[in-house]
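Residues in the sequence shown are numbered from 1 upward in steps of one, following the UniProt record's numbering. Idealized CB from N, CA, C, for every residue including glycine. The next block holds one structure in the form of structure tokens; read it before the comments.
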Amino acid sequence: MAKGKTEARAWVDENYEDLRNVAREIWERPEVELEEEFASGLQANVLERAGFDVTRGLAGLPTAFVAEAGSGEPTIGILGEYDALPGLSQKVRAEEEPLEEGGAGHGCGHNLLGTAGVGAAIAVKRVLDAGTGSGTVRYYGCPAEETLLGKVLLAKDGAFDDLDAALTWHPMNTNAPWMAESLAMNSVQFNFEGTSAHASAAPERGRSALDAVELMNTGANYLREHVPDPVRLHYSIVERGGKPNIVPKEAAVWYYVRAPSRQRVESVTERLEKVAEGAATMTETTVETEYRAGCYDTLPNGVLGSTILENMQEIGEVGFSEEEYELARGLRRTVDDVEEAMSRQGVPDDIIETELHGTPVDEIYDEGEQFPASTDVGDVSWNVPLGQFTAAAWPIGVSAHSWQSTAASGSEIGYKAMRFASKVLASTAIDLFRDETILENATREFEAASEGSDYTSPLPEDFVSPT
Ligand SMILES: [Zn+2]
């Protein structure tokens, strides 16, 4: 085992109580995207006290920050997140009961995600300070993952340009390298404007923006038949007019376009824009296209995936207690179609049969699989080689963005997963500092997979951040 890893893992164990408190405080005070003042401030303070140089506010995002320690090459980045989800407040128990009626909750476990990265960054700094390996370690505090904005804006601003590799993880159901590819996506709103009039007394004077939205959706549903598989289109009418006796002057519909590649997302978005223009022509209204977000698919890295797997196996058992298994059994009982949902992600049958995944996998199981969602981590993976894994913070069958995942993310199951993830992140970073061939091989793989293509932001040049 490379020198320094034992020390880093021991540091995480010795400081588990403190890290657990950080994750718990963030869980208890959930903040939705771009409002993460408490969480980002807390993590930045912890890193500053540990001797990191902290820059608060990046790319026009006040709740983004970067913390840096060490010097020289290589520069290894650890990505953290801390935003919560609206309406997912939940107590730590196996039946649905909000902590605060209608409140936000950490249903994606980002309270654990960011804190594990903070612990790993400090553990790595101590190893570098002791003279074992050399280079620069950075922790990126990335806000607004849930709206797919944070890392995309950071990437657009060049925050990852001088990085050699990035490491991250996500709370999930298993302890495994994450090699499945997530979907590229565009989030686009179409704002129609017409002419209002009395709907009964002078209908001939009115031009309905809502008619345009309805016709656009009809057009999009016909377009659906003629897009390549597995493109996904989904929409929501976000502005629809008021009373029926007034011809709606304004109406807006918000679309997501998802596909396995940026190229495909862009070509379908272009066709969707034609549908919008057609609807505007038919109704004699005007349409304005507003880009709300967009991201790349993820480019997994096999070299980093294997390094992560080796470290997971060295670390071994997560060490869940009987009480934690009991909570896991209770939560699992509340979800339907466990087998189907888990096997769709490529999780092996023997793991699906358990209630909680307490050991690392023997081998990578999701290479070449399609993860049916999008993440802004994708944009980082087209900038630098990315190592990503999941840790079992949630029982088997519990999905992200559910009350069950909020409960597990605030339980001892979640905190132990965070500790495990912190050790895996630190160990993998130390490998990259100690053995330059790993980084060389990872970079070679990245360059071949991205075919030397320059990263261009999915957001328009004049995109204004919503803060
Ligand atoms: Zn998430």
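What three-state label does DSSP hand residue i in the structure shown?
i, result
"L153", "helix"
"R20", "helix"
"D349", "helix"
"I396", "coil"
"E214", "helix"
"V118", "helix"
"Q90", "coil"
"Y140", "strand"
"E68", "strand"
"F420", "helix"
"R232", "strand"
"I438", "helix"
"V361", "coil"
"A39", "helix"
"L167", "strand"
"T390", "strand"
"T132", "coil"
"R56", "strand"
"residue 555", "Since the first and last residues shown for the chain are 1 and 467, residue 555 lies out of range."
"G414", "helix"
"L113", "helix"
In angstroms with no decimal places, state the Cα-to-Cα distance between residue i and residue j.
i, j, result
"V127", "A220", "55 Å"
"N173", "M185", "24 Å"
"A159", "A201", "58 Å"
"R292", "V188", "5 Å"
"G330", "S409", "15 Å"
"A67", "L47", "7 Å"
"D462", "K156", "11 Å"
"D435", "T307", "11 Å"
"L272", "P244", "28 Å"
"S343", "V361", "15 Å"
"I438", "V227", "40 Å"
"A10", "G316", "14 Å"
"E25", "H106", "11 Å"
"G133", "E440", "16 Å"
"K249", "G70", "58 Å"
"A8", "T289", "49 Å"
"E181", "I237", "29 Å"
"Q370", "L183", "8 Å"
"A279", "V247", "16 Å"
"V92", "T63", "27 Å"
"P466", "P143", "12 Å"
"L215", "A197", "20 Å"
"L19", "T168", "17 Å"
"V84", "P203", "Just to set this straight, residue 84 is Ala in the shown sequence, not Val. In a straight line, the C-alpha of A84 is about 46 Å away from that of P203."
"T195", "K274", "22 Å"
Should residue i go down as buried or exposed, given a rule of 16 or more other Cβ atoms within 10 Å for buried?
i, result
"R264", "buried"
"S411", "buried"
"G117", "buried"
"V464", "exposed"
"P222", "Note that residue 222 corresponds to Tyr in the displayed sequence, not to Pro. The residue is exposed, with fewer than 16 neighbouring Cβ atoms inside 10 Å."
"M312", "buried"
"S208", "buried"
"M282", "exposed"
"R332", "buried"
"P385", "buried"
"R49", "exposed"
"T218", "exposed"
"E146", "buried"
"E447", "exposed"
"T456", "exposed"
"H110", "buried"
"A130", "exposed"
"E322", "exposed"
"N21", "exposed"
"N175", "buried"
"A373", "exposed"
"N191", "buried"
"H357", "buried"
Would you say residue i reaches chain D, if we count a Cβ-Cβ gap shorter than 8 Å as a contact?
i, result
"G219", "This model lacks chain D altogether; it includes just one protein chain."
Given 8 Å as the limit, is there contact between the stretch 62-79 and the stretch 130-147, that is, 3 or more CB pairs closer than that? yes
Within the stretch 250-337, note down every full alpha helix (DSSP H) run reaching 4 residues or more, in order along the chain. 262-283, 302-315 and 322-333
Would you call the stretch 333-349 and the stretch 380-397 touching, i.e. three or more CB-CB distances under 8 Å? yes
The stretch 106-124 / the stretch 415-435 touching (three or more Cβ pairs under 8 Å): yes
Spell out a yes or no on whether the stretch 43-60 and the stretch 293-305 are touching, meaning 3 or more CB-CB pairs, one atom from each, closer than 8 Å. no
Output the residue ranges of the beta strand (DSSP E) runs that lie fully inside the stretch 170-218 and measure 3 residues or longer, sorted by chain position. 184-193
State whether the stretch 344-364 contacts the stretch 252-264, with contact taken as three or more CB pairs (one from each stretch) at a distance under 8 Å. no
In the UniProt region "Disordered" (446-467), which residue ranges form an unbroken alpha helix (DSSP H) of at least 4 residues, counting only runs that do not cross its ends? none
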